[in-house]
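Top line first, the protein sequences correspond to chains A and B. Numbering of the first sequence is given in the working numbering, commencing with residue 225 and proceeding in unit increments. Numbering of the second sequence is given in the working numbering, commencing with residue 225 and proceeding in unit increments. Quick reminder that beta carbons are idealized off the backbone N, C-alpha and C, glycines included. As the structure is a computational prediction, the values presented were derived from the model and not from experiment.
Protein chains: 2
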Amino acid sequence: MANQNGDRSQPNSGRMNLEEIARLAGVSRSTVSRVINDDPRVSDRARNAVREVIAAHNFHPNAAARSLATRRTGILGLLIPREIDWVFSDLFFPLIIKSIAVASHAAEQNLMLLMEASDSGESAERLFHRVIGGRHLDGIIVVSNVVEEPLVELLDRHQFPAILVGRHPVFDLSFVDVDNRVSAKAVVGHLIDHGHTRIGMIGGATNLIATLDRRDGYHDALFAAGLPIDPALYEGGDFQEMGGYVAMRKLMALPDPPTAVFSASDVMALGAMRAVAEAGRSIPGDIALIGFDGIERAATATPPLSTIAQPVAELGRQAVAMLLQRIETPNAPPMHRYLPTDLQLRASCGCPAPLVPSAEEVVAQVR
Amino acid sequence: MANQNGDRSQPNSGRMNLEEIARLAGVSRSTVSRVINDDPRVSDRARNAVREVIAAHNFHPNAAARSLATRRTGILGLLIPREIDWVFSDLFFPLIIKSIAVASHAAEQNLMLLMEASDSGESAERLFHRVIGGRHLDGIIVVSNVVEEPLVELLDRHQFPAILVGRHPVFDLSFVDVDNRVSAKAVVGHLIDHGHTRIGMIGGATNLIATLDRRDGYHDALFAAGLPIDPALYEGGDFQEMGGYVAMRKLMALPDPPTAVFSASDVMALGAMRAVAEAGRSIPGDIALIGFDGIERAATATPPLSTIAQPVAELGRQAVAMLLQRIETPNAPPMHRYLPTDLQLRASCGCPAPLVPSAEEVVAQVR
DNA sequence: TTGTAAGCGTTATCAT
DNA sequence: ATGATAACGCTTACAA
Chain A
225 MANQNGDRSQ PNSGRMNLEE IARLAGVSRS TVSRVINDDP RVSDRARNAV
275 REVIAAHNFH PNAAARSLAT RRTGILGLLI PREIDWVFSD LFFPLIIKSI
325 AVASHAAEQN LMLLMEASDS GESAERLFHR VIGGRHLDGI IVVSNVVEEP
375 LVELLDRHQF PAILVGRHPV FDLSFVDVDN RVSAKAVVGH LIDHGHTRIG
425 MIGGATNLIA TLDRRDGYHD ALFAAGLPID PALYEGGDFQ EMGGYVAMRK
475 LMALPDPPTA VFSASDVMAL GAMRAVAEAG RSIPGDIALI GFDGIERAAT
525 ATPPLSTIAQ PVAELGRQAV AMLLQRIETP NAPPMHRYLP TDLQLRASCG
575 CPAPLVPSAE EVVAQVR
Chain B
225 MANQNGDRSQ PNSGRMNLEE IARLAGVSRS TVSRVINDDP RVSDRARNAV
275 REVIAAHNFH PNAAARSLAT RRTGILGLLI PREIDWVFSD LFFPLIIKSI
325 AVASHAAEQN LMLLMEASDS GESAERLFHR VIGGRHLDGI IVVSNVVEEP
375 LVELLDRHQF PAILVGRHPV FDLSFVDVDN RVSAKAVVGH LIDHGHTRIG
425 MIGGATNLIA TLDRRDGYHD ALFAAGLPID PALYEGGDFQ EMGGYVAMRK
475 LMALPDPPTA VFSASDVMAL GAMRAVAEAG RSIPGDIALI GFDGIERAAT
525 ATPPLSTIAQ PVAELGRQAV AMLLQRIETP NAPPMHRYLP TDLQLRASCG
575 CPAPLVPSAE EVVAQVR
């Protein structure tokens with residue numbers, strides 16, 4: 225019997241390599257390589273012998289040597305752009321990072337996290353050339369909605385395998401996204417269905433593509449219903465809670481305030497709710513409200529916030545899947561994938577209380 | 225004049241390597257290598273010639289070849305353990321990930337994100353051997369408070385360069401942390417200073433070291449004040465909002481309910497506040513409350529939530545700095561670093577309204 | 001099916 | 001100061 229784990233499973237104890245494994249297994253280095261890479265052209269006898277030695281020594285092939293020979297690193301990049309501060313105002317980024325990480329691991333790929341710091345960061349161009357030029361990565365996922373993201377242009381120009389999470393209006397790169405325009409139109413359409421004719425919107429940062437698309441959808445809905453577009457009813461925000469708060473105060477201070485508001489994000493909607501409450505007015509009685517994103521806090525807000533949910537985890541998973549395809553066939557035409565959103569109607573828009581467990585029931589359930 | 229950027233700055237256009245650069249610069253490959261690595265033993269003439277060629281072709285050395293030769297990858301690992309779901313109940317993890325990423329880049333290191341999925345993940349042991357054994361990383365940062373984290377034992381046994389964010393009671397690895405016990409004692413001590421004698425606590429998940437430490441600090445404070453320890457006043461939570469909500473309801477349902485409560489996390493405290501409000505009772509009038517963490521929402525809660533803040537970003541920065549040291553001198557004894565917390569007193573504990581801008585002032589400021 | 005040997009692109013040692 | 005040349009550990013024709 226082979227001495228299984230004779231030396232307490234050291235990781236690559238000493239300085240193990242293919243040559244050494246080969247020696248111990250009584251075969252050649254190539255055979256060991258074939259076994260490791262599941263090459264069928266190996267006899268069962270040799271395969272077993274090699275596997276045994278590998279297991280006994282807990283051997284794992286050296287990553288650098290491997291990628292030097294294969295020109296593949298097995299590493300995917302994930303770039304979060306420099307507008308990092310508002311980026312973490314809610315859990316959208318954390319959740320998408322998580323799903324991308326998990327999906328990468330499931331595909332036996334490692335994930336390299338690239339975060340441009342607003343301050344001490346290297347420029348996009350430098351980062352690009354260092355990481356891409358140095359062949360650190362096989363491909364990259366860019367989670368950015370910024371219109372003038374410089375990386376995007378570089379990726380496009382150099383045809384480096386890349387997937388955007390969030391469409392880009394100018395460069396024809398592969399992306400996965402939700403249809404922000406259509407989704408926003410659905411939201412505002414729902415407010416119109418409730419009978420509202422004076423509908424405001426709290427927008428996001430103007431350099432984000434999603435912001436522009438959601439505004440377009442807002443206009444689409446008004447137009448489709450034959451309602452006028454009053455610029456006074458649109459307030460810019462910043463995707464932060466305070467931005468929503470401020471915007472709602474402005475809307476309420478209008479001579480002829482809206483009776484319903486569409487907020488381009490749930491976090492801003494939460495801030496807006498605080499503003500309404502402080503003004504002693506009620507939701508949806510005085511102002512109906514719907515958000516965008518589908519964050520968890522929407523469901524537990526007072527009143528529960530209607531919203532249109534993005535399939536965040538699925539966006540991440542699709543991005544990884546698409547990137548792996550792209551790495552395999554770099555010359556295929558760019559793919560554009562839109563994932564469905566989910567309109568979740570709760571009390572804040574005037575819909576009847578939803579069929580969800582009450583607080584008491586939840587308590588009982590948690591116990 | 226050299227043809228600067230003659231071919232539109234392709235990244236490693238064609239198949240550039242040291243040999244090719246050397247040829248174009250009229251020197252040998254070794255000289256090019258020396259220039260790249262800032263070796264002083266190069267004549268200015270040669271250095272300039274090489275630099276020119278490198279710049280003209282936007283050349284970057286191949287990472288795999290480099291680490292094969294140097295036995296250094298320039299990659300740090302960041303492991304987020306498998307209890308991933310509650311991990312993202314607030315922004316602690318996202319913020320620490322961000323600070324670690326930024327600090328790594330500032331130190332010219334890349335960051336590999338390792339997230340064990342609760343479900344489809346490989347086991348800790350497999351992950352360890354694949355990544356560490358395969359020499360993907362120079363070192364690793366583990367952000368985990370879980371007592372029985374299996375990775376920690378492996379890292380300890382194999383003496384792989386590692387830093388824990390959050391101390392481990394058993395294995396003597398380097399770590400950076402806040403002193404949870406002393407901090408909790410300070411919080412509860414403050415409630416005692418307010419005159420409370422019946423003080424409850426909402427704890428966290430029991431498999432977390434921080435939970436145990438904070439409970440110990442709670443006991444310390446009671447003991448130091450000569451107050452009895454009533455087990456009924458301790459309710460377990462889960463670091464989620466709903467857990468705090470449930471725990472507070474139980475505490476309020478007690479025959480002799482507490483007049484003050486220390487919550488082991490701000491998120492749970494927020495849930496607790498909701499429970500108090502729903503019960504028609506007031507904070508701090510009926511129940512004084514202090515949280516732990518210092519999340520942003522604490523300041524805007526109604527009433528503003530007192531808390532003790534962790535220096536989250538600094539924890540990340542220190543972790544990177546310590547890891548780099550450890551990689552340089554692997555045999556140095558483990559370092560234990562405690563960072564100070566910051567008791568932020570607001571209305572929820574009964575302190576006078578703080579000197580912060582009112583909502584109106586904030587609005588004015590934002591405009 | 002197996003082994004030999006030639007890369008992969010650096011760094012590092014040793015002469016010169 | 002510079003240039004050959006041997007590692008580094010793996011994959012992959014090509015031979016056998």
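Query                                                                                                                         : Result
Residue-level contact to chain B via CB, serine 344 of chain A, 8 angstroms cutoff                                            : With a pLDDT of 48 at serine 344 of chain A, under the threshold of 50, the predicted position of this residue should be treated as unreliable, though the coordinate-derived value follows. Serine 344 of chain A counts as touching chain B.
Proximity below 8 angstroms, CB of valine 544 of chain B to CB of serine 347 of chain B                                       : no
Cβ contact check for the stretch 275-292 of chain B and the stretch 280-294 of chain A: 3 or more pairs under 8 angstroms     : yes
Helix, strand or coil at valine 402 of chain B [DSSP, three-state]                                                            : strand
Beta-carbon separation (whole angstroms), glycine 441 of chain A vs alanine 408 of chain A, contact threshold 8 angstroms     : 3 angstroms
For serine 291 of chain B, three-class secondary structure by DSSP                                                            : helix
Cβ shell of aspartate 480 of chain B (< 8 angstroms), same chain only, five flanking positions each side left out             : Arg422
Arginine 436 of chain A versus arginine 391 of chain B - alpha carbon distance                                                : The sequence given here places leucine at residue 436 of chain A; arginine does not occur at that position. Cα to Cα, the separation comes out at about 46 angstroms.
Helix, strand or coil at glycine 358 of chain B [DSSP, three-state]                                                           : coil
Beta strand (DSSP E) segments (min. 3 residues) lying fully within the stretch 401-461 of chain A                             : 423-426
Continuous beta strand (DSSP E) stretch holding phenylalanine 486 of chain A: start and end                                   : 484-487
Interface flag, serine 291 of chain A vs chain B, CB-CB below 8 angstroms                                                     : yes
Chain B contact residues for alanine 287 of chain A, given Cβ-Cβ distances below 7 angstroms                                  : Gly358, Arg359, His360
Whole-angstrom distance between tyrosine 562 of chain B and isoleucine 507 of chain B, CA atom to CA atom                     : 32 angstroms
Classification of glutamine 333 of chain A by the beta-carbon crowding that lies within 10 angstroms, buried from 16 upward   : buried
Length at least 4, wholly inside the stretch 481-547 of chain B: the alpha helix (DSSP H) runs in chain order                 : 490-502, 520-524
C-alpha gap between arginine 498 of chain B and leucine 494 of chain A, whole angstroms                                       : 15 angstroms
Three-state class that DSSP yields for glutamine 568 of chain A in the structure shown                                        : strand
Stretch pair the stretch 347-359 of chain A + the stretch 564-578 of chain A: three plus CB contacts closer than 8 angstroms  : no
Within 8 angstroms, strictly: CB atoms of isoleucine 511 of chain B and threonine 553 of chain B                              : no
Collapsed DSSP secondary structure at methionine 339 of chain B in the structure displayed                                    : strand
Collapsed DSSP secondary structure at asparagine 272 of chain A in the structure displayed                                    : helix
One or two residues paired with tyrosine 562 of chain A in a DSSP bridge                                                      : A/Asp401
Beta-carbon gap between leucine 457 of chain B and methionine 425 of chain B smaller than 8 angstroms                         : yes
Opening and closing residue of the alpha helix (DSSP H) in which valine 470 of chain B lies                                   : 465-476
Serine 267 of chain B classed as buried or exposed, judged by whether at least 16 other C-beta atoms fall within 10 angstroms : exposed
Buried/exposed call for asparagine 282 of chain B, threshold 16 Cβ in 10 Å                                                    : buried
Separation of isoleucine 551 of chain A from glycine 540 of chain A, as counted between CA atoms                              : 17 angstroms
N- and C-terminal bounds of the alpha helix (DSSP H) containing leucine 303 of chain A                                        : Not the alpha helix (DSSP H): leucine 303 of chain A falls in the beta strand (DSSP E), residues 299-304.
CB contact below 8 angstroms: arginine 354 of chain B versus chain A                                                          : yes
Closest Cα partner of valine 485 of chain A within the set A/Gly301, A/Ala523, A/Pro374, A/Leu446                             : A/Leu446
beta-carbon alanine 496 of chain A near the ligand ADP non-hydrogen atom, thresh 7 angstroms                                  : This structure lacks the ligand ADP, and indeed carries no ligand of any kind.
Nearest residue (CA-CA) to alanine 448 of chain B, options B/Asp566, B/Asp417, B/Lys474                                       : B/Asp417
Exposed unless 16 or more other CB atoms sit within 10 angstroms - verdict on methionine 240 of chain A                       : buried
C-alpha distance - isoleucine 532 of chain A paired with alanine 386 of chain A, whole-angstrom precision                     : 28 angstroms
Where the stretch 311-325 of chain A meets chain B: residues whose CB sits under 8 angstroms from a CB there                  : Phe312, Leu315, Phe317, Pro318, Leu319, Ile321, Lys322, Ala325
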